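Engineer:
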Amino acid sequence: MKIAIGTDHAGYHYKERIKTYLKELGHEVKDFGTFSDEAADYPLFIRPTAEAVARG
45 MKIAIGTDHA
55 GYHYKERIKT
65 YLKELGHEVK
75 DFGTFSDEAA
85 DYPLFIRPTA
95 EAVARG
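Residue numbers (our numbering): 45 to 100.
1. Cα separation between P92 and F76?
2. If I follow the unbroken alpha helix (DSSP H) through E68, where does it start and stop?
3. Considering only the beta carbon of each residue, do I90 and G55 sit closer than 7 Å?
4. How is E95 classed by DSSP in three states: helix, strand or coil?
5. With the cut-off set at 7 Å, would you say A84 and H57 are in Cβ contact?
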């Protein structure tokens, strides 16, 4: 299954753990960020994630 994932800085560490788990289960994971726990606004990452889901 293809899975899109994204978060802001507050969820970064959770996202990384979830991403690892999903890959271990054999899923294809597209990570739209954020890529660190530095402060970032979630719209920068959530919109591309949502658009990828809408495209399938």
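Think of the CB as a built atom: it goes at the ideal place given N, C-alpha and C, for glycine as much as any other residue. Since the structure is predicted, the reported quantities are computational estimates derived from the model, not experimental observations.
Structural biologist: Short version:
1. 7 Å
2. 56-68
3. no
4. helix
5. no
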